[in-house]
Structures are given as C-alpha cells and as structure tokens.
C-alpha cells in the first residue's frame, strides 16, 4: 500500500523503486490525489506502476485519447438513465454507436434499445459495457468527496450573505498604512518597466504576488529585489505594542471562551502561521496568558507529532495547537473545533490544505469555525481583496476546492496578472470569472467521472448510508458482540484506555487457544476499538466484519456445534390445560450463496473474495420457523411463549425451562426415540421446502441472479478467462443458494411441570 504515491513521481530513483516494487507485488494499492484532468503525465506513471501491460511508460498519447473519449461518452451517459424519455435513450444510443463504429457490442445493444422490449436491461448492459471497455483502467477507482458526502460535514453555510462560521480580525501593526502605499508604488513601477503589448508577463506578475505573500506572512528571510526603498524602510520600522501575535492571542482567547459555553467541554483551536518564528512568538504569547498551547514544529519526528496531537486531543482544558507551514499537510485534526489563520497566504492550495486538516473524513462537528487575521482591511490592501476572492469566488469556507485543484495554478496566475494591472479592484473583478471557470471544471470532472460512476455504482451511495445507519449506535455493536465473545465464550477483555480494548484467553475461555488465538489476532494483544473515530485517530484495529476477530468469530461459530441442537420442556403459566399444550420444532436457517469450499474453517484469500462478491449480490439472511408435529404453524399465543429466551431456573410466576437433552427418559415419555429421529428429519426437510417456496426467498434469489448474471456478462466482455475470475461460480452460488440449518430445537410446552401432568 503506497499512500500519497504521486510524491514519488518527481524523483527518478523513487519512481524506479516504486515501479520495481509495484510490479513484483502480487497485490498493490496506490493512493493518490492525482486528477485525471490536469495531470496526465503523473497519472500515466501511476497507471504504468499499476499495470505495465496496459500502459507503457511512453503511452501518453494513448492515455490522452482514452481520457478524451471518456469525457465524450460521459457527457452522453450523464443524461442516459432509466428515467429518461424513450426517445432520448434511443437517440443517445445511436450517438454512442456512431461514436464507436467498430464496437459490435455497442451496435447490438443500441439495436436492442430501438425496440420496446427489455429496454431497462439493455440500457444497463450498455452503460456497464461502456464503463468496462472505455474507462481509463478497470482498477483505477476515482473516489470523489461528493459521492461520500455522508461522511463529511459542511464547512459552513451562508445565510443572507453572512457567514457566522467565519470571523475576521485585523492586524493592528502600525506599519501597514505605509507598507500599502509602498506596495502600490512597487506595482506601478513594475507595470511601467515590464509591460508590453500583452501587459505584464505572467512570471513577473507572479513574482510580485509571491513577494506580497511573503510580506503578509511575516517572512523576514526573503529579499525583495527591485522594491522601492520606502518598502524596506516601512518593514524595518517599529510595529507598536499591538503586534500580530497579540491580536491573534486576543482572538483565540475570545473564541475559546465562547466555544466553552457552546460545547460544554474543553474546546480545541488549531492555529496556522507560515513562519516558524511567528509560530514560536505566538506560542510564547499564549503561554504568558496561561493558555495551554501545544506546538508542532518543522523537523518533529512522527513519534513527537503523534504524541503532541494526542496530548492536545485528550487535554481537559481549552487548548491551542500551533502549526507552522510544515503542519499544513498530512495531519488529521478532525476532532478540533476551529481554525485561526495567523496569516492569510495568497494561495488557494495552502488555504485548502489548512482547512483540510480539520475538514476530514469522520468529522462530527456541525460547522467549521474559522478566524482570519487580516494584515489590513484597507481598500488598497491586496489581502482584503484576496479574502473576497476566497469567500465569494472560490467559496473555500463553505466547500472543498480539492476537486478543481488541476485548474488552481492557472487561476492563481490569472489573479496575479489581474492584481498587477488593477490592484485590489483587479482581484475583485476576477470573482465572477473564477466562479464560472470552477463550474466549468466541475462539469468536465463530472463527464470524466461518469464512466467510473457507472462501474462503481452498485447502489454504493445507499450502501454507505445503510452502513452509517448500522454503525450509528456503536455501543450496541460492542454490547451485542461481547455478549458472545466475553459472556458466552468468556474471552478476557482488558480496557487499555477509553474505547480501546484487547481480548485474550483465560482458563475459563470456552474456545480452544490453538489455532483461534493466532487466527483472531488476539495472540499479540492487539489494540482494538468498536468506534470508527478512535480507529482513524489512534491506529487501533476497528472491529467490524472483515477484521480478524470478527471473521474468526464467524468461522468458529460454524466449527463449534455446541447449542446447534437442543430439546426443552417449557413450563409457562400463560398456557392453558392440564396436559401438554404443544409439541413441535424451532428451526433457524441461514440462507446464503453456496460456493465450493466456502464453509471451510480456513479459507484462502481467493475464496474470501468470491464469498464477498457473491454476498454483495445475495446478502445472507436468517429465517426462523416454528412447526408442530403435523407441519403446521403454531397459533399466536403459542408463538408468544416460544419467543421467550431460554432460562435456567425458575421463572417469574413459576415458569421454568427443563433441558431434555440430559433427561432422555423424560423425552422418551413424550415421543419414542426411533419416532423422534424420524420426525426430526421429516420436519427439517419440510421446513427447508417451505423456505424455498416462500415468495420472499424466490424474489431475493431472482433479483440477485439477474444482478450476478449482468456482472458475469460485464466481466466476460473484458476477461476471456471467465472461470478464472470466478464469475460463473458466483452466479451458480447465487442462483442455487444454500439453506443451511444453523440450529434446531424441539419444544414441549405445558402449564404444569411434567411430574404434575394429568
């Protein structure tokens, strides 16, 4: 697994090493923010690492052609769905067939769509065929934030043009009025000296913009070549008592006090300052006021970084985490309440990186509060105009700009040129064009993503919501699972810290230590948690289906047959009569896809993969049936008695459960042993037949079979070795699922105990 893989592309040695290791690995996962649009060379390098047979190191023309074709097809697909009018579907199908004259499958599917029969199925097949055939690569998964919106919170909302989540503070440094005048003189000088028929060259405009950025960020190391002498003089003057860090400290203290009243706990603020010296002075100022300040500095090793973040998160008093520029990337601070920008970089990317430290997956805060320390809010101030561009043009304080990062360098160049020509008014004039260009870029990204969204659809959005709903009550997940792990199997639980546990064996554990300790991952006292937010922040293993402990528990339940068969005499005062009220069976069936070797205790990775794929089409479900000795359903009053859990001992009002497994003579008094065995077999077969004839069972299987067959056709179109990818096996497993008897019980019900029966 290679995270931030694009960072290895700029160095030949690193890239060569990545190619060598990637090609040798049997399984490879590359994670990167490289966009398909705007960075084709970087994307080609990653695709070459992923699949050298599909993309050679010099196949840029091939990739560009595939990207262009993908956009063309995506443009059509965005309007092509089952709800579209039939005439639009037919016209779009003809357009696609004309665009791909050599694709016989497209021609066949387009012809099918000309008829009224099977339109829905043919349309689905056409969409899937296009996605499978003309995506950039089958194993390139382009996940977008907007498709995972359920896992993100809004940064803020605008109400009547206002932004309650954003507050502006103004630096009270006494030098700013003279600095602004000097900057205007410098801008005029450059325009006069460097302008040609096409205006000031972009590189010159960018150089000035970067110099102004350095001034605004209090960068005292940069030498400003060509700047007027008045600028150097202004920068060297006394700042006065109300310096940047003093105003910033005032803002932090006020924010912490307000948040402490709102959130009813110790609030956390993250402060960003570009320069190390500024961050250090700010930390000293806060310390002098008694505010708990944590400092992340350039050069800190990973252990120090994690230790500092953990101390900041767990602090019981209001606190501030202060980061210099090195802290703008790679940190997960989604638990914090707000941001203070001690300076305002003239870079959209840097502002996005800062905000992105808190606006991350799993964030639970409803809004992201931000305060910005503006060098000056004067009309001449480039920072005031830049703030308006960020808020009204990029809308960066309400939504992420990561999806349009591929156009940001060009936009920032245009902004620099606009500033050098007209100053702050030039920046403000760019707000409307920026909004339009961002909208255009997002439409292009939608078109490019359309093929991917078809291939990755499979109700992914609904699935994410269902998972989120299922995880909403994480304590109940832990309580229910530990009812089996701790209470029943008697594994020993140790609490490491809040919400982190380990599970291990004790003398009382009812589960063999070999091989289950190693299989479950508990042999090495691995830290685990039931809370997703804890797992993402602290690196503990998240306990969910797919984790070693949960999968092992499921496999052990198949292996261990204790409790899978029982016989109970239930005495219950709710029953009537002086004799036996009811005798019959309780069956618990599991309906699941039936794959070869999938019931083995030790599965291969390939078997796991096929099982997961089959289960995605036909999720397993349990079905409980009660049958009397004649195969009939029990009445409602009997069902109510049967529904009560087993109770070892006397119940309230005199009821009790008697275990007949240890009383064979009592069981034989109800039914002779030979007859009992035959009745069990007959009842079990009858119950399974009832399930297979059930309309719900048939509907589930038919729907799953159609989906699995469609997936098999999709795989067959780009994989000649159909059997090797398991598609046929998956279809068969779904088409004829296993109805597995998980447990079976025999009940005798009476109002009176056996000894008192008439």
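Residue numbers (this note's numbering): 121 to 878.
Beta carbons are placed, not taken as given, at the ideal position from N, Cα and C, and that holds for glycine.
Between residue i and residue j, what straight-line distance do the alpha-carbon atoms span, to the nearest angstrom?
i: residue 736; j: residue 851; result: 12 Å
i: residue 149; j: residue 126; result: 13 Å
i: residue 574; j: residue 257; result: 13 Å
i: residue 172; j: residue 182; result: 13 Å
i: residue 811; j: residue 827; result: 22 Å
i: residue 373; j: residue 610; result: 50 Å
i: residue 819; j: residue 234; result: 29 Å
i: residue 777; j: residue 784; result: 15 Å
i: residue 618; j: residue 651; result: 10 Å
i: residue 825; j: residue 419; result: 57 Å
i: residue 510; j: residue 133; result: 38 Å
i: residue 862; j: residue 707; result: 8 Å
i: residue 159; j: residue 272; result: 26 Å
i: residue 760; j: residue 681; result: 27 Å
i: residue 254; j: residue 231; result: 20 Å
i: residue 553; j: residue 498; result: 24 Å
i: residue 97; j: residue 668; result: This structure does not reach residue 97, given that the chain is present from 121 up to 878, and the question cannot be answered.
Any idea if residue i is buried or exposed, counting beta-carbon neighbours within 10 angstroms, 16 or more meaning buried?
i: residue 151; result: exposed
i: residue 746; result: buried
i: residue 345; result: exposed
i: residue 285; result: buried
i: residue 277; result: exposed
i: residue 332; result: buried
i: residue 630; result: exposed
i: residue 739; result: exposed
i: residue 443; result: buried
i: residue 733; result: buried
i: residue 672; result: buried
Go to residue i, then tell me how far its beta strand (DSSP E) extends in each direction, as first and last residue.
i: residue 388; result: 388-392
i: residue 623; result: 620-624
i: residue 867; result: 858-870
i: residue 701; result: 700-712
i: residue 489; result: 489-494
i: residue 137; result: Residue 137 -> not in any beta strand (DSSP E); alpha helix (DSSP H) instead, spanning 132-144.
Can you tell me where the alpha helix (DSSP H) with residue i in it begins and where it stops?
i: residue 299; result: 296-314
i: residue 337; result: Looking at the DSSP string, residue 337 is not in any alpha helix (DSSP H), and its letter there is neither H nor E.
i: residue 650; result: Note, residue 650: premise wrong, no alpha helix (DSSP H); not H, not E.
i: residue 432; result: 422-434
i: residue 165; result: 160-170
i: residue 474; result: 468-478
i: residue 746; result: Where residue 746 is concerned, there is no enclosing alpha helix (DSSP H), although the beta strand (DSSP E) it sits in stretches over 741-748.
i: residue 210; result: 206-219
i: residue 539; result: 528-542
If you run the structure through DSSP and keep just helix, strand and coil, what is residue i?
i: residue 121; result: coil
i: residue 778; result: strand
i: residue 756; result: helix
i: residue 319; result: strand
i: residue 455; result: coil
i: residue 685; result: strand
i: residue 413; result: strand
i: residue 516; result: coil
i: residue 366; result: helix
i: residue 841; result: With a pLDDT of 47 at residue 841, under the threshold of 50, the predicted position of this residue should be treated as unreliable, though the coordinate-derived value follows. Here residue 841 sits in coil by DSSP.
i: residue 287; result: strand
i: residue 396; result: helix
i: residue 276; result: coil
i: residue 260; result: coil
i: residue 761; result: helix
i: residue 630; result: coil
i: residue 440; result: strand
i: residue 691; result: strand
i: residue 613; result: strand
i: residue 662; result: strand
i: residue 180; result: helix
Under 8 Å by Cβ, that's how I've got residue i and residue j pegged, so tell me the actual separation to the nearest angstrom.
i: residue 538; j: residue 528; result: That pair is no contact at about 15 Å.
i: residue 521; j: residue 472; result: 5 Å
i: residue 396; j: residue 417; result: 7 Å
i: residue 709; j: residue 860; result: 7 Å
i: residue 690; j: residue 867; result: 6 Å
i: residue 602; j: residue 613; result: 7 Å
i: residue 441; j: residue 453; result: 7 Å
i: residue 923; j: residue 156; result: Nothing about residue 923 can be reported from this structure: the residues present for the chain run from 121 to 878 only.
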